[in-house]
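Take a look at the structure set out below.
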Amino acid sequence: MLASVSRSHPQGVGVQLYRRALDGSGRSMPHSEAEGDDLQRLVDWYQGAKRDLPWRRTDDPYRIWLSETMLQQTRVETVIPYYHAFLSRFPTVGDLAAAAPDEVAKLWQGLGYYARARNLHRAAQQVVSKFGGVIPSNPEDFSSLPGVGPYTAGAVLSIAFGQPTPAVDGNVLRVMARFLGIADPVRQPAVKRRIEAVLQAWLEQDNPRVVTQAVMELGATVCVPTRPDCGACPLLAGCAARAAGRQTELPVKSPKPRKQKVRVLALWCEADGQLLVQRRPAEGLLAGMWQLPAIEMPVASAEQGLAAAGPPAPRDDCAVAELLAVLSGRTRQPDRAEVESNGWLVELAVARHVFTHLEWEVHVLRPVAWTGHPDQPVPETFQWVAMADLPQLVWPRVYERLLEQLLRPFTAVRASAHLP
DNA sequence: AAACCGGGGGC
DNA sequence: GCCCCAGGTTT
62 MLASVSRSHP QGVGVQLYRR ALDGSGRSMP HSEAEGDDLQ RLVDWYQGAK
112 RDLPWRRTDD PYRIWLSETM LQQTRVETVI PYYHAFLSRF PTVGDLAAAA
162 PDEVAKLWQG LGYYARARNL HRAAQQVVSK FGGVIPSNPE DFSSLPGVGP
212 YTAGAVLSIA FGQPTPAVDG NVLRVMARFL GIADPVRQPA VKRRIEAVLQ
262 AWLEQDNPRV VTQAVMELGA TVCVPTRPDC GACPLLAGCA ARAAGRQTEL
312 PVKSPKPRKQ KVRVLALWCE ADGQLLVQRR PAEGLLAGMW QLPAIEMPVA
362 SAEQGLAAAG PPAPRDDCAV AELLAVLSGR TRQPDRAEVE SNGWLVELAV
412 ARHVFTHLEW EVHVLRPVAW TGHPDQPVPE TFQWVAMADL PQLVWPRVYE
462 RLLEQLLRPF TAVRASAHLP
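This note's numbering applies: residue 62 is where the first sequence begins, and numbers increase by one.
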């Protein structure tokens with residue numbers, strides 16, 4: 062198929078595309094002929110250069126689907142141990158469908174973007190209930206599953222089922238933006254559509270299982286964000302960005318907004334070998350995960366440049382007093398003496414944690430005068446838990462670290478010792 | 001279209 | 001410190 066494609070325009074077309082894109086002058090011209098050899102070289106390169114990854118050793122759609130889900134916004138090295146642990150516990154989609162939600166969450170602990178796990182679990186149940194336990198191989202059905210967006214659908218359908226469905230992830234976006242010389246912001250849907258169209262043409266000319274992975278592999282190992290190794294690139298001949306010497310300037314991305322800083326005041330309430338913990342709301346940040354009883358106080362934007370860190374302020378004492386009142390089942394506001402009394406909070410630890418869109422500074426405080434006890438009732442969402450049982454709960458990374466620090470020499474909080 | 005949703009590794 | 005990673009969902 063590809064061998065018959067002519068080799069008429071070694072590099073001219075790519076340069077032209079780059080200039081046109083820079084001028085913002087609209088549609089690209091067809092580029093099938095000049096890229097035929099590029100595609101062939103890409104495929105040949107992949108066969109010899111591909112990394113030996115666990116999900117490349119199987120044809121099982123379930124395993125490939127799991128890998129694509131775990132790999133969303135997550136590095137290969139991070140995923141590998143989770144991938145093995147997950148499959149060890151849930152070898153088939155049916156096993157996953159039959160699992161308890163908390164057990165699925167526990168195996169995802171530390172991986173981030175926890176909605177992925179909830180969606181995958183629900184999707185597995187739908188595979189059983191709607192598709193007889195067989196992962197659907199047609200785009201409409203597979204894309205209907207929760208957590209399956211355009212990328213995941215394209216990736217699984219092409220890699221596991223050999224269909225010519227393009228999968229555009231961050232790697233592919235970068236490779237194609239450079240190869241085609243696209244100077245428009247890659248966020249724009251029009252850019253993604255154009256890249257999908259070119260990629261689909263490639264998929265229809267060669268084995269989709271190979272082409273999809275080849276482009277991604279190129280972006281992951283050669284056409285990397287900084288210092289791309291153009292000398293080793295199979296697409297060098299047709300690359301518009303390289304021809305213009307501007308490969309490091311692409312892709313063009315829009316600037317990100319500043320992170321909101323949040324001061325988190327978390328309480329260490331321990332009594333009778335038990336610890337008071339709190340379950341986060343079922344929706345939103347870190348949904349349904351466990352933490353120390355805490356209040357989150359957004360730091361005013363004016364203060365962000367100043368001492369966002371630092372010792373608890375008077376306002377913090379007041380907020381903690383209110384939380385302690387709630388824990389004690391009292392409805393009245395804490396009195397002046399409680400709030401103003403000195404030295405009633407001992408700071409046991411501080412941890413900073415950065416999310417995509419905000420930043421936490423967690424202070425773990427021990428209210429030395431508080432007399433709460435496991436025998437007394439606590440409001441909903443709070444719970445006394447034996448120290449030894451803490452590892453069974455699902456913790457956000459920052460609390461995992463804090464607990465490990467504060468519980469030493471107690472047992473670890475991780476699900477499995479071999480995870481990072 | 002923009003905001004929300006984790007965590008980590010490389011520089 | 002900044003970037004960005006085999007993205008999806010919600011508003």
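From the three backbone atoms N, C-alpha and C, an ideal C-beta is built for every residue, glycine too. Note that the structure is a prediction, hence the values are computed from the model and not measured.
Let me confirm a value: residue i is counted as buried when at least 16 other C-beta atoms fall within 10 Å, else exposed. Which label applies?
i           : result
residue 324 : buried
residue 422 : buried
residue 299 : buried
residue 466 : exposed
residue 434 : exposed
residue 344 : exposed
residue 429 : exposed
residue 162 : exposed
residue 432 : exposed
residue 134 : exposed
residue 342 : exposed
residue 129 : buried
residue 266 : buried
residue 355 : buried
Is the beta carbon of residue i less than 9 angstroms from the beta carbon of residue j?
i           : j           : result
residue 143 : residue 172 : yes
residue 320 : residue 418 : yes
residue 291 : residue 307 : no
residue 386 : residue 352 : no
residue 280 : residue 235 : yes
residue 411 : residue 424 : yes
residue 380 : residue 358 : yes
residue 349 : residue 340 : yes
residue 482 : residue 151 : The structure shown does not extend to residue 482, since the chain is modelled only from 62 to 481, so the question has no answer here.
residue 444 : residue 390 : no
residue 427 : residue 408 : yes
residue 276 : residue 233 : yes
residue 124 : residue 148 : yes
residue 154 : residue 188 : yes
residue 239 : residue 311 : yes
Does DSSP classify residue i as helix, strand or coil?
i           : result
residue 326 : strand
residue 340 : strand
residue 447 : strand
residue 356 : strand
residue 388 : helix
residue 406 : strand
residue 430 : coil
residue 244 : coil
residue 288 : coil
residue 283 : coil
residue 420 : strand
residue 63  : At residue 63, the pLDDT of 29 sits below 50, so the modelled position is not reliable; the number obtained from the coordinates is stated separately. It is helical.
residue 321 : strand
residue 441 : coil
residue 382 : helix
residue 298 : helix
residue 229 : coil
residue 415 : strand
residue 456 : coil
residue 249 : coil
residue 137 : helix
residue 332 : strand
residue 259 : helix
residue 313 : coil
I'd like the list of long-range same chain contacts for residue i, defined as Cβ closer than 8 angstroms, with 5 residues on each side in sequence excluded.
i           : result
residue 145 : 115
residue 200 : 214, 218, 224, 226
residue 117 : 111, 274
residue 268 : 104, 223
residue 456 : 170, 350, 351, 352, 464, 474
residue 315 : 246, 248
residue 293 : 283
Excluding the five sequence neighbours on either side, which residues of its own chain have a C-beta within less than 7 angstroms of the C-beta of residue i, listed in chain order?
i           : result
residue 228 : 212, 215, 216, 219, 273
residue 317 : none
residue 479 : Confidence at residue 479 is low in this model, with a pLDDT of 36, below 50, so the placement of that residue should be treated as unreliable; the coordinate-derived value is given next. Around residue 479: 142.
residue 132 : 140
residue 202 : 192
residue 76  : Low confidence applies here, because residue 76 scores a pLDDT of 30, under 50, leaving its location unreliable; read the following figure in that light. Within the same chain, residue 76 has close Cβ partners 301, 304, 305.
Please return the same chain residues whose Cβ sits closer than 6 angstroms to the Cβ of residue i, not counting the five positions on each side in sequence.
i           : result
residue 126 : 217
residue 255 : none
residue 198 : 222
residue 183 : 207
residue 270 : 220, 223
At what residue ranges does the segment 168 to 214 contain a whole run of the alpha helix (DSSP H), taking only runs of 4 or more?
176 to 192, 200 to 204
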